[in-house]
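To start, the structure under review is shown below, and the notes come after it.
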Amino acid sequence: MKDQLKARGYRWSDGSDGRPKSWWVEVAEDALDDELRYLRTQVYRWDDADPPVKRLTAFDRFRAP
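Position 18 of the sequence shown, counted from 1, bears residue number 17 in numbering that gives the first Met the number 0, the numbering being contiguous throughout.
Shown next as structure tokens:
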């Protein structure tokens, strides 16, 4: 599974920066439905899975800490 996610561009967050330990990837909004479909069919293998999604705007991404 890890290699499959890495090949798809996912990165591992170890939780050291305050985010949850998890695999994550950034996708364009128009690609979100396809990515969720991939996760539901290939990773969770459950059509009703509802993986957490966090939307980032340019303001969120580039705001000062």
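C-beta atoms are modelled at their ideal positions from N, C-alpha and C, and glycine is treated no differently.
Candidates the options, of which the one nearest residue i by Cα
i: R36; options: R7, D46, A57, K20; result: D46
i: A48; options: A57, T40, A27; result: T40
i: G8; options: E34, K53, P64, R44; result: E34
The beta strand (DSSP E) enclosing residue i, as first and last residue numbers
i: R10; result: 10-12
Beta-carbon separation (whole angstroms), residue i vs residue j, contact threshold 8 Å
i: K20; j: S12; result: 6 Å
Buried or exposed (CB count within 10 angstroms, at least 16 for buried), residue i
i: L38; result: buried
Boundaries of the alpha helix (DSSP H) in which residue i is found, first to last residue
i: Q41; result: Where Q41 is concerned, there is no enclosing alpha helix (DSSP H), given that its DSSP letter is neither H nor E.
i: D16; result: From DSSP, D16 is part of no alpha helix (DSSP H); its letter is neither H nor E.
i: R60; result: 57-61
i: R1; result: Reading off the sequence shown, one finds Lys at residue 1, where the question assumed Arg. That run of the alpha helix (DSSP H) goes 1-6.
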